[in-house]
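So the structure is just underneath, and the comments pick up after that.
Residue numbers (the numbering used here), protein chains in the order written: chain A, 15 to 267; chain B, 3 to 282.
Written out as structure tokens, the structure is:
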């Protein structure tokens, strides 16, 4: 089985503190892996290193076999890797549809298409594609709404649609279920399962273990920037180190 | 048309052009406080081309606008590495430097000013302002305009989606300089005289006010802002010397109550929805 995302001996320090320490793991193609661990373990830092928001100190990051370690952050989307942020980062003043049109950029990047007055063509193919993607998630009613005015759960799912329209094949989601009510969590779970069935690879940071169990095949447990366990959640749960560092408190309640 | 009305409309036309010169970079989140410098480049080069080289106005004005844009591009590349207040300071200083350069440039009259022989009548000025406005409306229907807002809204995410944030910012800054140079070149040919002192700080700051007042979210904002700032002092003329004080007080109150400006996108969406809900 080939790895869609492969991280080898990754290290990153901030002012002498090792946020990520010699971390290696792989996410197999078409699978979902959860990155779990206590707050400050370095989960979001991994996302920032893979997406290029931070430069890497040491190690190698491969996306579908392509070395992105020193690739400018802007170019990485073309390898298929995309991410979401913990606090959803949609463009608040733009409509849902406009956010999706921005998301399509990497597949529609020529100067010509940049300067084409697309709004004068009311039914152009990019708009049709975006509306279709919205309809598939049952979100088509929101197409012309300003993003800033929409409920949190809806915005999270639109963020997901934007990432898929960017042509993402490896999707990193930072706490996708946080702050969602049970109905919204179920809708998100269905969205993620649909993405997996289309062959997308997922790397998920999530604290909701039920959610992790229902979506992800494997988990990687981080503590102080190091990997302390890896495997199916049911197995990792029994691990003494993991219980002490993270899951223990949860098991007792 | 009375001379007074023509005069007001000509002022309005130049203000509209200046507002759009500031609007382009501002839509991408950059405050250009040196727009007068680019107007000066356009004005002086345009006047030089028609005066000394006997170029026709229709050729001199676009070429001057192009040179102002080239200077904008060359300066924008390093200057746009700065952000926020530093960018404002850098562009502010730039405007001063350009204006001071012309003040000392004897070949275009230096401190004595520079008379311009070729004349652009009011109709040409009106047409030019209308042309700039239509160009902006057309530009607002492209993905380029969408990316300006995207870059302003969240540069990190725009970058991760593959958009060249710097490319968009430099393009907006350069295009703004082109529009400023265009307005400047036309200004010289309409008023038949230019002097470096005209291209001062106030000339840079007022268009920023127009845009902030009208709002940066839609392409109509700068037009509305320029209209208001040009016409309101005329209407308040009855109150004589107090009109500027009244006007300033109104601006302060308005900006406190509506910092996003007068015209916003949600306003249009609201109108659109009403239309959609109306029975067919």
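Beta carbons: idealized from backbone N, C-alpha and C, even for Gly.
State buried or exposed for residue i, treating a residue as buried only when at least 16 other CB atoms are found within 10 Å of its CB.
i	result
residue 66 of chain A	buried
residue 99 of chain B	exposed
residue 134 of chain B	buried
residue 200 of chain B	buried
residue 34 of chain B	buried
residue 81 of chain A	exposed
residue 169 of chain A	buried
residue 146 of chain A	exposed
residue 155 of chain B	buried
residue 118 of chain A	buried
residue 229 of chain A	buried
residue 160 of chain A	buried
residue 23 of chain A	exposed
residue 195 of chain B	exposed
residue 90 of chain A	buried
Quick check: is the beta carbon of residue i nearer than 8 angstroms to any beta carbon in chain B?
i	result
residue 155 of chain A	no
residue 68 of chain A	no
residue 169 of chain A	no
residue 199 of chain A	no
residue 186 of chain A	no
residue 91 of chain A	yes
residue 138 of chain A	no
residue 183 of chain A	no
residue 108 of chain A	yes
residue 147 of chain A	no
residue 48 of chain A	no
residue 18 of chain A	no
residue 144 of chain A	no
residue 124 of chain A	no
residue 248 of chain A	no
Is any beta-carbon of chain A found at less than 8 angstroms from that of residue i?
i	result
residue 146 of chain B	yes
residue 118 of chain B	no
residue 164 of chain B	yes
residue 1 of chain B	It is not possible to answer for residue 1 of chain B, since the shown part of chain B is limited to 3 through 282.
residue 29 of chain B	no
residue 219 of chain B	yes
List, in order along the chain, the chain B residues whose C-beta lies closer than 7 angstroms to that of residue i?
i	result
residue 112 of chain A	148
residue 130 of chain A	144
residue 211 of chain A	The contacting residues do not exist; residue 211 of chain A stays about 24 angstroms from chain B at best.
Within 8 angstroms (strictly less), CB to CB, does residue i reach chain D?
i	result
residue 21 of chain A	Any reference to chain D falls outside this structure, whose protein chains are A and B.
Using a Cβ-Cβ cutoff of less than 6 angstroms, which residues in the same chain neighbour residue i once the five nearest sequence positions on both sides are dropped?
i	result
residue 120 of chain B	52, 59, 191
residue 15 of chain B	127, 128, 131
residue 167 of chain A	194, 198
residue 239 of chain A	32, 33, 34, 35, 56
residue 225 of chain A	191
residue 16 of chain A	43
residue 64 of chain A	75
residue 118 of chain B	49, 190, 191, 194
residue 75 of chain B	176
Just the chain A side, please: which residues come within less than 7 angstroms of residue i by C-beta, in chain order?
i	result
residue 92 of chain B	What residue 92 of chain B touches in chain A: nothing, since even the nearest Cβ is about 24 angstroms away.
Find the nearest neighbour of residue i within the set the options, judged by alpha-carbon distance.
i	options	result
residue 219 of chain B	B:41, B:151, B:48, B:68	B:151
residue 81 of chain B	B:268, B:69, B:95	B:95
residue 207 of chain A	A:185, A:221, A:134, A:236	A:185
residue 180 of chain B	B:28, B:12, B:37, B:13	B:37
residue 264 of chain B	B:184, B:221, B:50	B:221
residue 139 of chain A	A:122, A:129, A:150	A:122
residue 114 of chain A	B:244, B:254, B:163, B:204	B:163
residue 92 of chain A	A:133, A:178, A:165	A:178
residue 232 of chain A	A:245, A:222, A:55, A:90	A:245
residue 57 of chain A	A:187, A:212, A:224	A:187
residue 26 of chain B	B:172, B:105, B:269	B:172
residue 21 of chain A	A:37, A:29, A:215	A:37
Return the chain-ordered list of same chain residues with a C-beta closer than 7 angstroms to the C-beta of residue i, the five sequence neighbours on each side being excluded.
i	result
residue 212 of chain B	17, 21, 224, 227, 228, 231
residue 173 of chain A	98, 102, 104
residue 71 of chain A	25, 26, 27
residue 243 of chain A	235, 250, 253, 255, 256
residue 217 of chain B	223, 262, 263, 264, 265, 266
residue 171 of chain A	151, 153, 201, 202, 205
Within the same chain, show all residues whose beta-carbon is closer than 8 angstroms to that of residue i, passing over the 5 residues directly before and after it, in chain order.
i	result
residue 10 of chain B	232, 233, 236
residue 267 of chain A	Any answer about residue 267 of chain A is weak, because its pLDDT of 38 lies below 50 and its placement is not dependable; what the coordinates show is given next. Closer than 8 angstroms at Cβ, skipping near neighbours: no residue.
residue 105 of chain B	112, 113, 198, 199
Name, please, each residue of chain A whose Cβ falls closer than 9 angstroms to the Cβ of residue i.
i	result
residue 158 of chain B	67, 87, 99, 103
residue 140 of chain B	131, 134
residue 21 of chain B	Within 9 angstroms Cβ-Cβ: nothing; residue 21 of chain B doesn't reach chain A, min ~20 angstroms.
residue 152 of chain B	105, 108, 112, 113, 116, 119
Mind listing the chain B neighbours of residue i? Cutoff is C-beta to C-beta under 9 angstroms, in chain order.
i	result
residue 117 of chain A	163
residue 120 of chain A	163, 164, 165
Just to make sure I have the definition right: I need the residues of chain A whose C-beta is within less than 8 angstroms of the C-beta of residue i. Which are they?
i	result
residue 268 of chain B	160, 163
residue 155 of chain B	105, 106, 107, 108
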